[in-house]
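Numbering (my numbering), first residue to last: 590 to 693. All C-beta atoms, glycine included, are put in the ideal place defined by N, C-alpha and C. The next block holds one structure in the form of structure tokens; read it before the comments.
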Amino acid sequence: MRILGRSLGVKILLSGIAGIALLPAIRFVGYWLAPPCPPEFTQAQVDASSCIIGPNIGLGLILMAVVIISAGLMVSGIICIIWEQIKKRSDMDDEEERLLYERK
């Protein structure tokens, strides 16, 4: 079964693009869960409230997303490599069976 091309590179590239497309959504959810602090807040007010200093949340979420995307790419790459190996073995088994039946 072919899914969006046969090559491993295409599958890894598509999973990376999907992960990058999620970055704005992750950032939006972060701002929704913990809104940025107003600029006039002191450090004590920031510590006491549930808000986050604006630039920190963006950087933290982007770094978190990069880690998630990297892990996803590694996992999808490994799965694709295993899948290709299984597929090659199954194709060889089918070819060997066909040759055996032709000899008989």
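Hey, how far is the Cα of residue i from the Cα of residue j?
{"i": "L611", "j": "G661", "result": "12 Å"}
{"i": "P613", "j": "A637", "result": "28 Å"}
{"i": "Q674", "j": "L602", "result": "19 Å"}
{"i": "I657", "j": "S665", "result": "12 Å"}
{"i": "F630", "j": "L652", "result": "25 Å"}
{"i": "L688", "j": "I667", "result": "32 Å"}
{"i": "R692", "j": "E686", "result": "10 Å"}
{"i": "I670", "j": "F617", "result": "34 Å"}
Reducing DSSP to helix, strand and coil, say where residue i ends up.
{"i": "P613", "result": "helix"}
Measure from the C-beta of residue i to each C-beta in chain B and report whether the shortest distance is under 7 Å.
{"i": "P613", "result": "Reference to chain B is not applicable here, since this structure consists of a single protein chain."}
Would you say the beta carbon of residue i is closer than 6 Å to some non-hydrogen atom of the ligand COA?
{"i": "A607", "result": "Looking for the ligand COA in the displayed structure turns up nothing, as the structure carries no ligands at all."}
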